[in-house]
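Asks:
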Amino acid sequence: MKKFSFLFASLFLLAACGPTAGGGASGGGNKTEGDTIKIGMNMELSGDVSAYGNAEKEGITLAVEEINEAGGVLGKKIELIEKDNKSENGEATSVAANLTAKDKVVAVVGPATSGATKATIPNMTKAAVPVITPSGTDDSITVVNDKVQEYIFRACFQDTFQGVILANFAQDNLKAENVVIIGDNSSDYAIGLTKSFKDTFTGKIAKEETFTAGDKDFQAILTKIKDLDYDAIYIPGYYAEAGLIIKQAREMGIDKPILGADGFGDEKLVEIAGAKNVSDVYYTGHFSEKAPATDKVKPFVDAFKKKYDKQPSAFNALGYDSVYMLKQAMEDKDSADSKDITEGLASLKDFVGVTGKMTMDKDHNPEKSVVVLGLTEGKETSADAVEPK
Amino acid sequence: MEVVIQQLVNGLFLGSIYALLALGYTMVYGIIKLINFAHGEIYMLGGFMGYFFINKLNLGFFPALILSMAGAAVIGVVIEFLAYRPLRKSTRIAALITAIGVSFLLQNGMIYWLGPEKKSFPQAIEFKNYQLGFIQISNIQILILVISLVLMIALQLIVKKTKMGKAMRAVSVDADAAQLMGINVNRTISFTFALGSALAAAAGMLIGLYYNSIDPMMGVVPGLKSFVAAVLGGIGIIPGAALGGFVIGLLETITIALGFSDYKDAVVYALLIIILLIRPAGILGKNIKEKV
Chain A
1 MKKFSFLFAS
11 LFLLAACGPT
21 AGGGASGGGN
31 KTEGDTIKIG
41 MNMELSGDVS
51 AYGNAEKEGI
61 TLAVEEINEA
71 GGVLGKKIEL
81 IEKDNKSENG
91 EATSVAANLT
101 AKDKVVAVVG
111 PATSGATKAT
121 IPNMTKAAVP
131 VITPSGTDDS
141 ITVVNDKVQE
151 YIFRACFQDT
161 FQGVILANFA
171 QDNLKAENVV
181 IIGDNSSDYA
191 IGLTKSFKDT
201 FTGKIAKEET
211 FTAGDKDFQA
221 ILTKIKDLDY
231 DAIYIPGYYA
241 EAGLIIKQAR
251 EMGIDKPILG
261 ADGFGDEKLV
271 EIAGAKNVSD
281 VYYTGHFSEK
291 APATDKVKPF
301 VDAFKKKYDK
311 QPSAFNALGY
321 DSVYMLKQAM
331 EDKDSADSKD
341 ITEGLASLKD
351 FVGVTGKMTM
361 DKDHNPEKSV
371 VVLGLTEGKE
381 TSADAVEPK
Chain B
1 MEVVIQQLVN
11 GLFLGSIYAL
21 LALGYTMVYG
31 IIKLINFAHG
41 EIYMLGGFMG
51 YFFINKLNLG
61 FFPALILSMA
71 GAAVIGVVIE
81 FLAYRPLRKS
91 TRIAALITAI
101 GVSFLLQNGM
111 IYWLGPEKKS
121 FPQAIEFKNY
131 QLGFIQISNI
141 QILILVISLV
151 LMIALQLIVK
161 KTKMGKAMRA
171 VSVDADAAQL
181 MGINVNRTIS
191 FTFALGSALA
201 AAAGMLIGLY
211 YNSIDPMMGV
221 VPGLKSFVAA
231 VLGGIGIIPG
241 AALGGFVIGL
251 LETITIALGF
261 SDYKDAVVYA
271 LLIIILLIRP
281 AGILGKNIKE
291 KV
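Chains as they are written, first to last, in the UniProt record's numbering: chain A, 1 to 389; chain B, 1 to 292.
#1: Are the stretch 4-19 of chain B and the stretch 246-260 of chain B in contact at 8 Å, needing three or more beta carbon pairs?
#2: Under a CB-based cut-off of 8 Å, is PRO280(B) close to chain A?
#3: So is LYS118(B) in contact with chain A if we call contact Cβ pairs under 8 Å?
#4: Closer than 6 Å by C-beta to GLY115(A): which residues in its own chain qualify, once you throw out the five before and the five after it? Chain order, please.
#5: Can you grab the Cα-Cα spacing for the pair TYR29(B) / LYS161(B), in whole Å?
#6: With 16 as the cutoff for other CB atoms within 10 Å, does TYR112(B) come out buried or exposed?
#7: Could you tell me which residues DSSP puts in a beta bridge with SER382(A)?
#8: Closer than 9 Å, Cβ to Cβ, to anything on chain B: give me those residues from the stretch 245-260 of chain A, in chain order.
#9: What number of angstroms, rounded off, separates the C-alpha of MET217(B) from the C-alpha of SER261(B)?
#10: Relative to the ligand COA, is the shortest distance from any of its heavy atoms to the C-beta of GLU80(B) smaller than 7 Å?
#11: Hey, how far is the Cα of LYS102(A) from the Cα of MET110(B)?
#12: Within a Cβ cutoff of 8 Å, which residues of the same chain sit near LYS268(A), ignoring the five residues on either side of it in sequence?
#13: Can the beta-carbon of THR100(A) be found closer than 8 Å to that of ALA127(A)?
#14: Could you check where the alpha helix (DSSP H) with TYR210(B) kicks off and where it finishes?
#15: At a CB-CB cut-off below 7 Å, which residues of chain B make contact with PHE211(A)?
#16: Give the residues of chain A in contact with TYR211(B), contact being defined as C-beta atoms less than 7 Å apart.
#17: From the beta carbon of ALA257(B), is the nearest beta carbon of chain A less than 8 Å away?
#18: Determine whether the Cβ of ARG14(B) lies closer than 8 Å to any Cβ atom of chain A.
#19: In whole angstroms, what is the alpha-carbon distance linking GLY18(A) and PRO130(A)?
#20: Which residues in chain B sit within 8 Å of THR168(A), going by Cβ to Cβ distance?
#21: Apart from the five residues on each side of it in sequence, which residues of its chain come closer than 8 Å, Cβ to Cβ, to GLU117(B)?
#22: Between the stretch 55-65 of chain B and the stretch 168-179 of chain B, do three or more beta carbon pairs fall short of 8 Å?
#23: Let me see if you follow: with CB-CB separation under 8 Å, is residue 401(A) close to chain B or not?
#24: For a contact defined as C-beta to C-beta under 9 Å, what are the partners of GLN123(B) on chain A?
#25: On a Cα-Cα basis, can you pick out the residue from THR359(A), LYS256(A), ASP321(A) and ALA96(A) that is closest to ILE181(A)?
#26: Here's a check: name, in chain order, each residue in its chain whose Cβ is nearer than 7 Å to the Cβ of TYR151(A), leaving out the five neighbours to either side.
#27: How far does the alpha helix (DSSP H) with PHE211(A) in it extend, from its first residue to its last?
#28: Buried or exposed: VAL144(A), going by 16 or more other Cβ atoms within 10 Å of its Cβ?
#29: Would you identify the three-state DSSP class for GLY24(A), choosing helix, strand or coil?
#30: Buried or exposed: where does ILE17(B) fall if 16 or more other Cβ atoms within 10 Å of its Cβ makes it buried?
#31: Spatial neighbours of LYS296(A) within its chain, please: CB distance less than 8 Å, with the 5 preceding and 5 following residues excluded, ordered by chain position.
#32: Compute the Euclidean distance between the alpha carbons of ALA203(B) and GLY253(A), then round it to the nearest angstrom.
#33: If you reduce the DSSP assignment to three classes, tell me which class TYR151(A) lands in.
#34: Tell me whether the stretch 73-92 of chain B and the stretch 53-61 of chain A touch, counting them as touching only if at least three CB pairs, one residue from each stretch, are closer than 8 Å.
#35: Taking Cβ-Cβ distances shorter than 8 Å, what residues in chain B pair up with ALA240(A)?
#36: Report the CB separation of ALA201(B) from ALA281(B) in whole angstroms; it is logged as a contact under 8 Å.
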């Protein structure tokens, strides 16, 4: 009996060694063979934040089609392999492993959210395949414990940057001296936003309240802050809860300006809050037609409207840019192998995308402009492009 | 002080929704000793039915409310017939697990059919705010409270004054004896499910109107909390469920108001544990020694 279990154990060990040994032999990362360049997509196509994943998928698909119609990259067509991570971190991890080990993609776009992207870091690093998250804004995606993650890049700005911009916007544009923070403390995204805002804001934080994702009733919190003395409310969180907070606050008669980050950037925000309640609401966006960052914006908007018959959102634009960043990285290095794409992305310089002109800094974060969008009755009525300082 | 009273008022509305849901749990438990974990999903279906009746059929809020209550009643009866009736003679754990299965089936079915995104519930009633002294109340909050109270009183009347109510009480005491006395047990149980489901659907529509957002997973947390409410009040006792619902709503609001919003769910479950330790039969429950 003992002999048998030993035999089984060694078989298991051998089996476990197999793929790792194979991966090691190829010198790290996947190589492009044949006439197509395989790019993976690890997206939230269902689940809590599927609105982001599906929007980015549209942008990614459009970019891939455009590139292929124009002859591809380095003479090869791009083959997009789409996978759904169901908005779950665990699922995102296995999708990452699947794409790199089974489908042998040379690069991955996604996941869309910070938590899911962070969950995929170990797998992507082990496989030595570069990944661009279009909208994962958490700082610790690209830098963990002061160490830059070699294979992780992003197409968007990071949270600290957003928090800083919002704090400055509150001080300079809204002339706010006292701010109330109502923050989601169940997501890395919102916690990072809260911290960077508090670090930058020189005025007073009149009150700080927290909620968790999925909460629906904010009457108790809003009743507490209603009679306080403050100039603006800062809501680091996603549109689902922010929409409810805006609705309940406005219905309760709270008419102070409301500030938020890119998690507000979805039409569901206005739907949930009710258009008439969404006035004096500002949020940092990656993209606006009103304040076009580059001259790529117009052709992108036209192409997008033609294909999907609607206006592109920031998430459409970020998905679109991610694919073109990969294209430029491949062209810069004249290679479509994982190793070269990684180097190309790390040294990306003056890349002109629809969400701005970007240069990758040493921490794998693009330096680019930020747009602060203002909403009145649910419509975009102001857009200020803010250049990085 | 004013803020405290306003907070208590806030808790009352939340509580009335939990109370409506808890009634369904308590009735079903009272009659066949089953914890119907699919009850939260009936609440979700009620919200979605209201959404379709108002959006697609252009009905007003009240006709839509009555239709979705009727629709949920039918669904409740069908679920009982297909999923629970065949297991009535099986162990209680088998029925419980089936109930959890039905709950997942409904959630995932709705996600498959309509997608997981939040939908904005049509605002069929124009929002208005009233100032009563220093207390601020909206017409929708008043509506929630009034509809809940009317439904609770109606339920109490049905159970206490009608023949069907008498049959329900008889079956809950001893189903076999009731059958010997000529009561149609199956019909009585179906009727109980219909009543409970209709109340849950009303709660679902009211919450949709109040928060303007419904999604296929919306029934999970309120379902669990109103189950706690039913146990808290004394499971199987109708006024107990209503009381439990209000207690949970108030407790949750007070917890948030005191600045412990991260622990609001924990506080609700902690209260459940405490009640089970010091008064296992619930607030209104009688301490009857069970034969083991």
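Positions of the beta carbon are idealized from the N, C-alpha and C atoms, including for glycine.
Replies: In brief:
#1: yes
#2: no
#3: yes
#4: ASN89 and ASP188
#5: 21 Å
#6: exposed
#7: GLY374(A)
#8: LYS247, GLN248, GLU251, MET252 and GLY253
#9: 21 Å
#10: You won't find the ligand COA in this model; it holds no ligand whatsoever.
#11: 32 Å
#12: ALA51, TYR239, ALA240 and GLY243
#13: yes
#14: 185-211
#15: SER261
#16: LYS216 and LEU244
#17: yes
#18: According to the sequence shown, residue 14(B) is Leu rather than Arg. Judged by the 8 Å Cβ criterion, LEU14(B) is in contact with chain A.
#19: Unreliable positioning characterises GLY18(A) in this predicted model, as indicated by a pLDDT of 44, which lies under 50. The coordinate reading is nonetheless provided below. In a straight line, the C-alpha of GLY18(A) is about 22 Å away from that of PRO130(A).
#20: It should be pointed out that residue 168(A) corresponds to Asn in this sequence rather than to Thr. Within 8 Å Cβ-Cβ: nothing; ASN168(A) doesn't reach chain B, min ~28 Å.
#21: ASP215
#22: no
#23: Any question about residue 401(A) goes unanswered here, given that chain A covers just 1 to 389.
#24: GLY274
#25: LYS256(A)
#26: MET124, THR125, ALA128, VAL129, PRO130, VAL131 and THR342
#27: Premise fails: PHE211(A) lies in the beta strand (DSSP E), 204-211, not in any alpha helix (DSSP H).
#28: exposed
#29: For GLY24(A), the pLDDT reaches just 40, beneath the cut-off of 50, and the residue's location in the model is therefore unreliable, although a value from the coordinates is still provided. Note: GLY24(A) maps to helix in three-state DSSP.
#30: buried
#31: VAL352, GLY353 and VAL354
#32: 26 Å
#33: coil
#34: no
#35: LYS118 and SER213
#36: ALA201(B) to ALA281(B), Cβ: 29 Å. No contact.
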